[in-house]
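Working notes, structure below.
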Amino acid sequence: MGDTERILRMGIDVGSTTVKIVMTDPVTEENLYARYVRHNARQQETVRCLLREAVEHFPAGRFRAAVCGSGGQPSAKKLGVHYIQEVVANSAAVRARYPQVRTAVELGGQDAKVLFFYYDEKEGQLLTSDMRMNGSCAGGTGAFIDEVTALLNVEPEQFEALAEQGRHVYDISGRCGVFAKTDIQQLLLSGARREDIALSTFHAIAKQTIGGLAQGLELKAPILFEGGPLTFHPTLVRVFAERLHLMEEDIVRPEHPETIVAYGTSIAIDSLFPREEDTVTLEELLTRLAQPDAPALAEQEASKPFFSSQEARQLFRKRHDRELKELCPPQPENGELRVWMWISYGSTTYKFVLIQEEERVIAGFYANNQGEPLLVVRDGLKALKWKYDAQGIRLTILGLGTTGYGEKLLAQAFGADYHTVETVAHALGCTQYYPEATFLLDIGGQDMKAIWLENGIITNIMLNEACSSGCGSFLENFAVNLNIPVEEIAEAVFRSESPARLGSRCTVFMNSTIISEQRCGKGPDDIMAGLCRSIIENVFTKVVRIANTAQLGDCIVVQGGTFRNRAVLRALEEYLGAEVKLAPYPGEMGAVGAALAVKRQVAESGYRNGSQSSFIGFDALEQFSYETRTGVPCPGCGNRCSRTIVRFSTGMQWISGNRCEKGAVEEPTGFAAESAEKEKPADLFVEREKLLFQEYSYRQVFPDRGEA
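Position in the sequence shown (from 1) plus 1139 gives the number in the numbering used here.
Shown next as structure tokens:
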């Protein structure tokens, strides 16, 4: 009997990040067709596209259809088909294809489940005895992997190859993505290999699933591993096997683990809804999807757009454009440019600035840290020299300073004359241009600083702790999921006529809220608008925490890379009901303040070596390399701290992982070749004329001097 005569079965799984569709034969339960696609927050549109594709394969086919998944109910309602709970669908698939299984571990984009099975002799079939699933937290799921992938600056499809090469396992939190970021950032700054961090991420997920999600229940073998992350990351399955002490025969790898729940949905229809006359064609389903949304969805309360008119938007834009400053032209003398330089290494970016004697900012650079902090900084400095060499200018560094996450590591690596904490640097940069400032808010990639000032003196400081929900990485991660380029966030937000109401929540809890808004018809622009407002709500509910915003004073200044996004700036002014000042170099103000600090420090106290800057020099950068040893036990006491030791080609070294000063003692020079990893001095950026470390120009960053 051909497809035109058979009534096939179709299961559609609308998950938190993907849509899966499977067609099966009702007699053999054979999988006839399957597709797996990321929906980028366009759930029903993706369902529509998959159905159109399927028409080409089954032009005259009739189906009994059902939908499952965390985002499946609105689609089921719109299509007029049954909705099947995903645990039921999953169990049906395991029962039909893998009756030997006793535990199933499923990891999705934001969902995680562990199903426990037993064989009932009386019933003569496999039955579900228990199950555990995550709630509104996406720790230990595909979203967790996506966050780490972004932090390491690798493409998602490269992450598996990276983890496969890992050898050393670090202790990374798998409970929450934002806690993990803190752990990983410190590892990167300690010289840890990205391969080891990727492998450690998989161990964190397995640890979270086994210890946190299963909640003490034993994961009995054979164990089936399913879902996208376990499909595309076989090293993750291997890590589970290691931690659970599984033999190869204890591991069950489904033929199509990424679509197994959609498969289970298709084969569960007949047992859950027998003898119903509910067959449809694909064309009929497409027609139903084309119908307008129900009035209940359209009548939902909507929040107001960011501007009441185009005129208001233009006034906002022009006001803040006037606050930005262009870089001052350099003034070399006899072909020599004498400058003070500062490197600011943040949670997700690094930047450095050059100032001349008159405290004029002549150059600023801003780049993603690429997951390779030392090599990125090295190449940034080399790019700087190439730039001035091309102009026939000899660059002389009068003093070098560092600040940020890796201030001490970078100081050792490149020979800094001075290093200082970020809060001091940011306050100094701010008051250089706004001496009357009463409150400074700096929002970076993962850090947030609220600083109260009086006559240029810091009177109070409040920082975010382990949560990065009010920061730039929070916004960037969701922009990736929504398929909105970071530089187009503001434009997308300002297009929204009905911004989502997302409230004040941490990153992983926000995932569930966004799914709910998507179910109610909110599009990517609306979601992104809600996220920008959510960032500001997080600032005042989790960090600033004041009852009356009048306590911020009359001159509020904002800076940090996140405020390069005009939508966040607008959301802050909306929240305060007042205008704020935008720092003249938003992303580099910490580096500007710190460059001023090193200049003034040398003027007051002189150079550390008594004569000149300790900077290693541009010639040394050409051969700059480093070697790393991990897991080096400290002999200082019984704690035997496991240390990471980074030795630089200059002869200096950096030791981390020690819990007391005894672990910071000098190691014998040189590492044995078999125990060291020597970084090749090859450039990360080989196209010198391209220079990812481009000179900071607001004509580049803000193409129209407006909303980048």
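Even glycine gets a Cβ: it sits at the ideal position worked out from N, Cα and C.
Residue state for Met1728 is assigned as helix, using DSSP reduced to three classes. Out of Glu1593, Ser1612, Pro1471 and Phe1578, the CA that lies nearest to the CA of Asn1507 is found in Ser1612. Here Gln1449 is exposed: its Cβ has fewer than 16 other Cβ atoms, across all protein chains shown, within 10 Å. Counted as a single uninterrupted DSSP element, the stretch harbouring Ser1781 is not any alpha helix (DSSP H) but the beta strand (DSSP E) occupying residues Ser1781 to Phe1787.
Under the three-state reduction of DSSP, Thr1769 is assigned to strand. The alpha-carbon of Leu1291 is positioned some 42 Å away from that of Leu1421.
Phe1364: member of the beta strand (DSSP E) spanning Ile1362 to Glu1365, first to last residue. As DSSP reads the structure, Ala1243 sits in a beta bridge with Leu1254 and Leu1363. Three or more beta-carbon pairs separated by less than 8 Å link the region 1198-1205 to the region 1398-1413, which places the two stretches in contact. DSSP, read as helix, strand or coil, puts Gln1430 in coil. Nearest in C-alpha terms to Lys1588, of all of Arg1461, Val1682, Leu1721 and Cys1671, is Val1682. Its Cα nearest to that of Glu1415, the residue Ile1146 stands out among Ser1753, Ile1146, Ile1482 and Val1516. Residues Tyr1573, Glu1575, Ala1576, Thr1577 and Lys1720 of the same chain have their beta carbon placed closer than 7 Å to that of Cys1694, with the five preceding and five following residues left out of the count.
With a 10 Å radius around the Cβ and a threshold of 16 neighbouring Cβ atoms, Tyr1258 comes out exposed. Using a Cβ distance threshold of 8 Å, Ala1251 and Thr1280 count as a contacting pair.
Gly1211 places its beta carbon 8 Å or farther from that of Ala1401. Three or more pairs of CB atoms, one per stretch, sit closer than 8 Å, so the region 1732-1744 contacts the region 1554-1574.
For Gly1150, the enclosing beta strand (DSSP E) begins and ends at Ile1146 to Val1153. Ala1550 places its beta carbon 8 Å or farther from that of Phe1787. In this structure, Ser1155 lies near Gly1248, with their beta-carbon atoms less than 8 Å apart. With contacts defined as CB atoms closer than 8 Å, Gln1224 and Pro1361 fail to qualify as a contacting pair. The beta-carbon separation of Leu1641 and Gly1669, rounded to 4 Å, stays under the 8 Å limit for a contact.
In this structure, Leu1476 sits away from Tyr1544, with a CB-CB distance that is not shorter than 8 Å. Setting aside the 5 residues that flank it on each side, Arg1517 is surrounded in the same chain by Leu1760 and Phe1763, each with a C-beta closer than 7 Å to its C-beta; the list follows chain order. Here Gln1530 is exposed: its Cβ has fewer than 16 other Cβ atoms, across all protein chains shown, within 10 Å. Taking 8 Å as the upper bound for CB-CB distance, Leu1363 and Tyr1237 are in contact here, some 6 Å apart.
The DSSP assignment places complete beta strand (DSSP E) segments of no fewer than 3 residues inside the region 1402-1484 at 1475-1484, in order along the chain. If you draw a straight line from the Cα of Gly1700 to the Cα of Val1741, it comes to about 29 Å.
Under a 10 Å Cβ-count criterion, Gly1367 is classified as buried, with 16 or more other Cβ atoms of the shown protein chains found around its own Cβ. Secondary structure at Gly1503: strand, using DSSP grouped into helix, strand and coil.
The alpha-carbon separation between Leu1513 and Ser1329 amounts to approximately 10 Å. Thr1348 and Val1253 do touch by the CB rule: their CB atoms are close to 7 Å apart, below 8 Å. Taking 8 Å as the cut-off, the Cβ atoms of Val1186 and Val1153 count as close. Sequence-distant Cβ neighbours of Thr1769 in its own chain, meaning closer than 6 Å and more than five residues away, are His1307 and Thr1783.
Residue state for Cys1207 is assigned as strand, using DSSP reduced to three classes. Membership of Arg1271 in the beta strand (DSSP E) is indicated by the continuous run Gln1264 to Met1272.
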